[in-house]
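Residue numbers (my numbering), protein chains in the order written: chain C, 1 to 129; chain E, 1001 to 1244; chain P, 2001 to 2388.
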């Protein structure tokens, strides 16, 4: 009898994009970017805590931070921030009761802007290196 | 409109009391201009009388026959076979998600009906108020003397598709919140406010708009939830200033 | 306390649900069994027209009078699922014009409140009508939601103590030593087990399937499943029911419902109504009829098609000439089986009256003097059916 009932154990199905509409894709991206940004926050705090260990430890780390792998990681952080932020703007606009009839278009438009911004930051970051 | 006959394979979810659930496959021949519900009824009539499913009106006014067809919520009585498969193709038929299965394709929607009743949602309304907010303007002056059955047929498909309903059994769900919006087209009552402006109400929605995507009846629950948020926010702001 | 009389009703369509409501009010303990869901046979698939009686007022006045009486009662007790905007009979040619005086006389004889209006006025009220109309008559038609009407009766019955057992297929009837019915054995499709139901009276309310069920115990009930087609289009082009001003015929009624219009119907006989394939020629025929009444149908999309098997009672006549009234059989009289009655025929609009007549018969058989209260009892919300 109990199968099929709502349950927190179905959480993994949030991330299953099969047979879903574009709104769920945004829902998934928003959750993934949020998880990513949260992980970054903790990494960031961990790095800052190196300051406690003295300036030498921190400077050593900064050298490491210039490596391409870390840079790609940072690129993900920027992308996550932009996507999550713009998506949040869409949700706020919608939740205030506006632009509801074009919410799919709004999503696509904002994600195009996000993509453009990500490309821009990527070029700046990697060419400036 | 012709006498084409397709052979299709229906893979149907079966569940009997506490027994193990499984999928059973049936091959039938059917005109592709008939509907998925007709195919299921044909399986019942000619292959297996033990198959249970819910249906009544066969033309999208009762809301009894919502199921998953190839993984997507469909009102099977108006989903033509042609639109979801091809000749020699397959159809995967499952019960709606997020409601307990009674047997096979029959789910227990009583929690939804209870909540809808609590909202005080009427099935018959004046013509303008039975339409969507953005359609009302043209109807209000000339057609308000007419009444009609509202759009929501209480099929439960929006709740089946909703990612929040999937993980939280306390969430009121899109059908109920949309009904609350419908019932509150007149000034917001305290009772409705109390129900929707709560932990399990309006603010739980995470804007996936999957409800509006699967709704077979033009209700646009997603839009209605957002409009309701607007109303409640405006109400809160007003209250803030009227106190001061 | 004396024990309550117990009734077992087979069939949870309009008749079964209305009868459960009636008998519960009269103090019966009622159990309703159906092999499927509430209204999953003919009842759910009805056109949805709350008849004013106008359709029958010329050639079947008995049915017409039943219709207008029940129309008024249902609007009072079941307003929760009825869109009531009235209806129009429209004449489109000389043949229809010749029928008009008969129609007006018939309506008057049956006490149906009608009002003839000018074609211009009709077009003002319903701008999508065929502009070539020659005459128009307003009638008190309505439109109901089939499932919700059945559920409203069922919910009220449940409030008064009745029990419903959907997905319980009756497999055999139980008899006592003197050959009288005392109950049934039903197979519960949810768990695959058989259960016994015993009562003082067993009522066959299976409509188009009444003959099939009665044959289970070797009884013949002369009911002919007579399906007709209905086609729904995806725009609400009218607010009133649009009827062709002529004798009952194919595709002569177009009803609005929610955001749709639905045209019906045809009439042909089948032996087994369990599965009736959609007839593509009839779909085309209905489309032409609908376009003739309301030309804008040509700009809509087809939304759904369905076939519904009316339970017509067999006489020497066939098809549409059969009366649309109902009949109650006491099998004590015909086959000397006591405790078993059959109710069939009729139409959705008259389901309450069918239930009343059947309950009267049941009461007189069991020597109970309770009177019918369903005319005055408003039905509770249909949703209450789901959480008794």
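Glycine residues also receive a C-beta, built at the ideal position from the N, C-alpha and C atoms. None of the values given here were measured: they were computed from a predicted structure.
List the residues of chain E whose Cβ lies closer than 8 Å to the Cβ of residue i, in chain order.
i: residue 2262(P); result: 1059
i: residue 2209(P); result: Near residue 2209(P) there are no residues of chain E at all, since even the closest Cβ is about 13 Å away, more than 8 Å.
i: residue 2304(P); result: 1035, 1058, 1059, 1060, 1077, 1078
i: residue 2080(P); result: 1122, 1123, 1124
i: residue 55(C); result: Simply none; closest approach about 44 Å.
Helix, strand or coil for residue i? Go by DSSP, reduced to three states.
i: residue 2008(P); result: strand
i: residue 2087(P); result: strand
i: residue 2041(P); result: coil
i: residue 2056(P); result: helix
i: residue 2330(P); result: strand
i: residue 1227(E); result: helix
i: residue 2344(P); result: strand
i: residue 2294(P); result: coil
i: residue 1219(E); result: coil
i: residue 2284(P); result: helix
i: residue 1283(E); result: In the structure as shown, chain E starts at 1001 and stops at 1244, and residue 1283(E) therefore has no counterpart that could be examined.
i: residue 1135(E); result: helix
i: residue 2262(P); result: strand
i: residue 1204(E); result: helix
i: residue 2116(P); result: strand
Is there a Cβ from chain E that is less than 7 Å from the Cβ of residue i?
i: residue 1(C); result: Confidence is the limiting factor: at residue 1(C) the pLDDT is only 42, short of 50, which leaves the residue's position unreliable, though a coordinate-based value still follows. Taking Cβ atoms only, chain E reaches closer than 7 Å to residue 1(C), which makes this a yes.
i: residue 16(C); result: no
i: residue 171(C); result: With chain C covering only 1 through 129, there is no way to say anything about residue 171(C).
i: residue 84(C); result: no
i: residue 2146(P); result: yes
i: residue 33(C); result: no
i: residue 11(C); result: yes
i: residue 2386(P); result: yes
i: residue 49(C); result: no
i: residue 2257(P); result: yes
List, in chain order, every chain E residue whose beta-carbon is nearer than 7 Å to that of residue i.
i: residue 91(C); result: 1207
i: residue 97(C); result: 1226, 1227, 1229, 1230
i: residue 2083(P); result: 1124, 1147, 1148, 1149
i: residue 2274(P); result: 1045
Figure out for me which residue from the options has the closest Cα to the Cα of residue i.
i: residue 2093(P); options: 2136(P), 2286(P), 2121(P); result: 2136(P)
i: residue 10(C); options: 1149(E), 1189(E), 1166(E); result: 1166(E)
i: residue 2134(P); options: 2259(P), 2096(P), 2112(P), 2125(P); result: 2096(P)
i: residue 2227(P); options: 2091(P), 2035(P), 2098(P), 2305(P); result: 2305(P)
i: residue 1229(E); options: 96(C), 117(C), 88(C); result: 96(C)
i: residue 2073(P); options: 2387(P), 2352(P), 2384(P); result: 2352(P)
i: residue 2282(P); options: 2126(P), 2190(P), 2229(P), 2063(P); result: 2229(P)
i: residue 1182(E); options: 1063(E), 1151(E), 1041(E); result: 1151(E)
i: residue 2260(P); options: 1162(E), 1145(E), 1061(E), 1189(E); result: 1061(E)
i: residue 1012(E); options: 1135(E), 1022(E), 1018(E), 1143(E); result: 1022(E)
i: residue 2277(P); options: 1158(E), 1188(E), 1035(E), 1142(E); result: 1035(E)
i: residue 1147(E); options: 2060(P), 2083(P), 2164(P), 2030(P); result: 2083(P)
i: residue 1161(E); options: 1083(E), 1136(E), 1074(E); result: 1074(E)
i: residue 2117(P); options: 2143(P), 2180(P), 2104(P); result: 2104(P)
i: residue 33(C); options: 50(C), 15(C), 55(C), 57(C); result: 15(C)
i: residue 2171(P); options: 2297(P), 2107(P), 2288(P), 2034(P); result: 2034(P)
i: residue 1223(E); options: 20(C), 93(C), 37(C); result: 93(C)
i: residue 2393(P); options: 2350(P), 2156(P), 2204(P); result: This structure leaves residue 2393(P) out entirely; chain P is present only between 2001 and 2388.
Kindly indicate if chain C contains any beta-carbon less than 7 Å away from that of residue i.
i: residue 1125(E); result: no
i: residue 1156(E); result: no
Measuring only between beta-carbons, confirm whether residue i sits less than 7 Å from chain P.
i: residue 1045(E); result: yes
i: residue 1010(E); result: no
i: residue 1052(E); result: yes
i: residue 1102(E); result: yes
i: residue 1110(E); result: yes
i: residue 1055(E); result: yes
Excluding the 5 residues preceding and the 5 following residue i in the sequence, name in chain order all residues of the same chain whose CB lies nearer than 6 Å to its CB.
i: residue 81(C); result: none
i: residue 1217(E); result: 1151, 1153
i: residue 1205(E); result: 1225
Quick one: which chain C residues come within Cβ less than 9 Å of residue i?
i: residue 1233(E); result: 95, 96, 97
Listing by chain order, which chain C residues have their CB less than 7 Å from the CB of residue i?
i: residue 1257(E); result: As displayed, chain E neither begins before 1001 nor continues past 1244, which places residue 1257(E) out of reach and without an answer.
Please list, in chain order, all residues of the same chain as residue i whose beta carbon is under 8 Å from its beta carbon, the five residues on each side excluded.
i: residue 2369(P); result: 2363
i: residue 126(C); result: 71
i: residue 1025(E); result: 1009, 1010, 1011, 1012
Which chain P residues are close to residue i, counting only those with a beta carbon under 7 Å from its beta carbon?
i: residue 1041(E); result: 2275
Determine the chain E residues that contact residue i at a beta-carbon separation under 9 Å, and present them in chain order.
i: residue 2278(P); result: 1031, 1033, 1034, 1035, 1038
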